[in-house]
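Chemist:
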Amino acid sequence: MSLTDQDLTDEGLSLDGDGTARLLVIGCGAIAREILAVKAANGWDHMDLACLPAILHNHPDRIAPAVEAMIEEKSTQYETIFVAYADCGTGGLLQAVCARHGVEMIAGPHCYSFYEGNGAFAARAEGEIDSFYLTDFLVRQFDAFVWKPLGLDRYPDLIHSYFAHYSRLVYQAQTDDPALDAKAEECAKRLGLTYERRKTGYGDLAVALSEAIGT
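Sequential numbering from 1232 applies to the sequence shown in the working numbering.
(1) Rounding to the nearest angstrom, what Cα-Cα distance links Thr1307 and Phe1368 in this structure?
(2) Is Ile1312 closer than 8 Å to Ile1257 when the C-beta atoms are compared?
(3) Ends of the beta strand (DSSP E) at Ser1306?
(4) If Leu1400 and Val1269 are in contact, beta carbons under 8 Å, what's the gap, nearest whole angstrom?
(5) For Val1334, which three-state DSSP category applies?
(6) Terminal residues of the continuous beta strand (DSSP E) containing Arg1355?
(7) Is the stretch 1423-1432 in contact with the stretch 1374-1388, if contact means three or more CB pairs nearer than 8 Å?
(8) Just to confirm, is the Cβ distance from Leu1280 to Ile1266 under 8 Å?
(9) In the DSSP assignment, find the unbroken alpha helix (DSSP H) run with Lys1270 in it and report its ends.
(10) Can you tell me where the beta strand (DSSP E) holding Gly1320 begins and where it ends?
(11) When you compare the CB positions of Phe1363 and Tyr1397, do they come within less than 8 Å of one another, or not?
(12) In three-state terms, what does DSSP make of Phe1345?
(13) For the stretch 1312-1324 and the stretch 1337-1353, state whether three or more C-beta atom pairs, one from each stretch, are separated by less than 8 Å.
(14) Give the range of the alpha helix (DSSP H) segment to which Ile1257 is assigned.
(15) Between the C-alpha atoms of Phe1345 and Asp1384, what's the straight-line distance to the nearest angstrom?
(16) Within the stretch 1399-1432, note down every full alpha helix (DSSP H) run reaching 4 residues or more, in order along the chain.
(17) Do Leu1370 and Tyr1393 have their CB atoms nearer than 8 Å?
(18) Just the Cα atoms here: how many angstroms apart are Asp1247 and Gln1405?
(19) Nearest CA to the CA of Pro1340: which residue from Leu1325, Gly1382 and Lys1379?
(20) What are the boundary residues of the alpha helix (DSSP H) that includes Asp1435?
(21) If you draw a straight line from the C-alpha of Ile1294 to the C-alpha of Phe1373, how long is it?
(22) Using a Cβ-Cβ cutoff of less than 6 Å, which residues in the same chain neighbour Leu1254 once the five nearest sequence positions on both sides are dropped?
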């Protein structure tokens, strides 16, 4: 299946041909590949995916309203809906939306945390306050989601202002891809940061999806 890294629409009806109730996952476009990879690895044919644009992360105040609109649109078509977002900068507003609609979501503050595992990330947090994180998606989309939105394509001298208190770029690798490794290291050099690759796999995302689907 070909993916853009922006958004996906839902893939099917509410019931399989054998009458199995379908689950809809409403997810962030930044983790679409990973959700589909977990789905394929487990043979979850009765799970559908609808993604919102990944660029919403640059405007976190828009995430909760967008998720709520999709829940309301899809709720009559699916027996169960799961939200594949963590808090993601919404300040608890997304959790309030999910509670209002009786929908579960991924625990944790953001994808960097749930990829590593929320417990492991929290344990490291105090010692990593000077770390800047990238995921597979953000390595692929570094220019579109980091470099250009921060204006570094036009004003490269701003690197020193934005990253003065960072010392390290941590690439949280979901996959083993030498091309992504090389690009992540290049991103670190562009930002003037030391480089660390940390293989996380899918972390708590896989656990949360498994629990949502009831396996």
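All residues carry an ideal CB built from backbone N, CA and C; glycine is no exception. Computed from a prediction, not measured in an experiment: that's the story for all the values here.
Modeler: Let's see:
(1) 32 Å
(2) yes
(3) Ser1306 -> no beta strand (DSSP E), and no H or E assigned at all.
(4) That pair is no contact at about 26 Å.
(5) coil
(6) Premise fails: Arg1355 lies in the alpha helix (DSSP H), Asn1349 to Ala1356, not in any beta strand (DSSP E).
(7) no
(8) yes
(9) Ala1263 to Asn1273
(10) It is not in any beta strand (DSSP E) - Gly1320 carries neither H nor E in the DSSP assignment.
(11) yes
(12) helix
(13) yes
(14) Premise fails: Ile1257 lies in the beta strand (DSSP E), Leu1254 to Cys1259, not in any alpha helix (DSSP H).
(15) 30 Å
(16) 1409-1422
(17) Per the sequence shown, residue 1370 should be read as Val rather than Leu. Not closer than 8 Å, so no.
(18) For Asp1247, the predicted structure reports a pLDDT of 43, less than 50, and the residue's modelled location is therefore unreliable. A value from the coordinates is still provided. So the alpha carbons of these two residues sit roughly 30 Å apart.
(19) Leu1325
(20) Gly1434 to Ile1444
(21) 21 Å
(22) Met1278, Thr1311 and Ile1444
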